[in-house]
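Participant:
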Amino acid sequence: MDLDGDGLDDVISGSYWPGDLFWFAGLGEGKYAAGEKLKDVSGKDLNSGGTWKSENEPDMESLAAAPHAADLDGDGDFDLLVGNIAGHVILIPNEGTATEPKFTGAHRRTIQAGGEDLRVEGGDAGPTIVDWDRDGRDDLIVGAGNGAVNLYRNEGTAKEPRYAKAVVLVSPGANYGTIAHGSEAAGPGMRAKVCATDYDGDGQLDLLVGDFSSTMLPEPVLDEAQKAKKAELEAERERLNGEYQKLAEKAVKPDDPQYQALSEKLSKVYQDLRPLEAGSEMHGWVWFFRGKAAPKTVQR
Numbered sequence: 006m007d008l009d010g011d012g013l014d015d016v017i018s019g020s021y022w023p024g025d026l027f028w029f030a031g032l033g034e035g036k037y038a039a040g041e042k043l044k045d046v047s048g049k050d051l052n053s054g055g056t057w058k059s060e061n062e063p064d065m066e067s068l069a070a071a072p073h074a075a076d077l078d079g080d081g082d083f084d085l086l087v088g089n090i091a092g093h094v095i096l097i098p099n100e101g102t103a104t105e106p107k108f109t110g111a112h113r114r115t116i117q118a119g120g121e122d123l124r125v126e127g128g129d130a131g132p133t134i135v136d137w138d139r140d141g142r143d144d145l146i147v148g149a150g151n152g153a154v155n156l157y158r159n160e161g162t163a164k165e166p167r168y169a170k171a172v173v174l175v176s177p178g179a180n181y182g183t184i185a186h187g188s189e190a191a192g193p194g195m196r197a198k199v200c201a202t203d204y205d206g207d208g209q210l211d212l213l214v215g216d217f218s219s220t221m222l223p224e225p226v227l228d229e230a231q232k233a234k235k236a237e238l239e240a241e242r243e244r245l246n247g248e249y250q251k252l253a254e255k256a257v258k259p260d261d262p263q264y265q266a267l268s269e270k271l272s273k274v275y276q277d278l279r280p281l282e283a284g285s286e287m288h289g290w291v292w293f294f295r296g297k298a299a300p301k302t303v304q305r
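Numbering-wise (the numbering used here), the sequence shown opens with residue 6 and increments by one.
1. Going by beta carbon distance, what residues of the same chain come within less than 7 Å of Y37, once the five residues before and after it are set aside?
2. So what does DSSP say about L96, is it helix, strand or coil?
3. Could you tell me whether the region 181 to 197 touches the region 205 to 217, where touching means 3 or more Cβ pairs closer than 8 Å?
4. Does DSSP put A233 in a helix, in a strand, or in coil?
5. Just tell me which of H186, G178 and A70 has its CA closest to the CA of P132.
6. If A197 sits next to A149, beta carbons under 8 Å apart, how far is it from one beta carbon to the other, in whole angstroms?
7. Are three or more beta carbon pairs between the region 112 to 122 and the region 90 to 99 nearer than 8 Å?
8. Cα separation between A266 and G40?
9. Quick check: what's the CA-CA separation for G79 versus D143?
10. Please list, in chain order, all residues of the same chain as L371 whose beta carbon is under 8 Å from its beta carbon, the five residues on each side excluded.
11. How many whole angstroms separate the CB atoms of L43 and F108, which I take to be in contact at a CB cut-off of 8 Å?
12. When the Cα atoms are used, what is the spatial distance from Y168 to G81?
Structure (structure tokens):
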């Protein structure tokens, strides 16, 4: 992806909080410049959401930004598609040129599919553009928070894409949650991020699907004093969670001192419990799905 049209491939990346977008300019020979935030024409940090209510009350359209650059309107420059934690895909059109991209945050809009706003289950949308059905029109493929991968065929044109309702390419994650100790993952987990490419060189498009999963670790061996401490901390955790629930029912905001004090206490309890409980280990795997001759579904 050559965002600035200098003949060198660049890299773009998102972020979870506050959802800023970063550009790593290509220097050639596999090297890249330090990342810099993409800005809109007004000089503000570019993201897919609107103005936040406060520092602790974000616009959910901003968070967990997963950008993909593609020419969505056929004018020869790269526009931005940004998936977010709400499960939407946001289009930020390039109002500049292929060598001098310009983005206006206020002109972003939510991509529609089947005549309504596109939203994937489980949030954490991860979009990519590819001509999946080889009809000369780029289609939209989106990974979802629940591990699914959906295809939205372009029923419009190259300059004015119109996406159909979702067709499931990969079903929701086989290990949506934590994998039991001693077990192996049967398939992708959560937060699917997708690359469509002919990975095995057979002329058919395949899918590479990155995920997030966690595996339970074995229970630690504890002496009697540690067992007693664990029971004490578990009781305290239950009590604090009860207080936390009461604050939530009263709609107490995160910046309230009472809320913050309770959060600090709860965090300390979880920290002290960590070496006394089984815990889990986080993973990120990449799964290969080989494309069939008629690319309407895929098989692993």
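For glycine and all other residues, C-beta sits at the position ideal for the given N, C-alpha and C.
Quantities reported herein were computed from a predicted structural model and do not represent experimental measurements.
Facilitator: Taking the geometry as given:
1. Here residue 37 refers to the residue found at position 32 of the sequence shown. In its chain, beyond the 5 residues on either side, V16, F29, A30 and G31 have a beta carbon closer than 7 Å to the beta carbon of Y37.
2. Start at 1 with the first residue of the sequence shown, and residue 96 comes out as number 91. In this structure, DSSP gives L96 an extended state, which the three-state scheme calls strand.
3. Result yes; three or more Cβ-Cβ pairs closer than 8 Å.
4. Numbered from 1 along the sequence shown, position 228 holds the residue referred to as residue 233. Note: A233 maps to helix in three-state DSSP.
5. On the sequence shown, position 127 is the one that residue 132 refers to. The option with the nearest alpha carbon to P132 is A70.
6. Start at 1 with the first residue of the sequence shown, and residue 197 comes out as number 192. Start at 1 with the first residue of the sequence shown, and residue 149 comes out as number 144. Right, their Cβ atoms sit about 6 Å apart.
7. Touching, yes.
8. Position 261 of the sequence shown, counted from the start, is the residue given in the question as residue 266. Position 35 of the sequence shown, counted from the start, is the residue given in the question as residue 40. So the two alpha carbons sit approximately 36 Å from each other.
9. Within the sequence shown, numbered from 1, the residue matching residue 79 stands at position 74. Within the sequence shown, numbered from 1, the residue matching residue 143 stands at position 138. Going by the C-alpha atoms only, they are around 10 Å apart.
10. Nothing in the structure corresponds to residue 371, since the chain is present only between 6 and 305.
11. Taking the first residue of the sequence shown as position 1, residue 43 is located at position 38. Taking the first residue of the sequence shown as position 1, residue 108 is located at position 103. Between F108 and L43 the Cβ distance is about 7 Å, and since that is below 8 Å, they are a contact.
12. As a working mapping, residue 168 is identified with position 163 in the sequence shown. As a working mapping, residue 81 is identified with position 76 in the sequence shown. Each residue's alpha carbon lies about 20 Å from the other.
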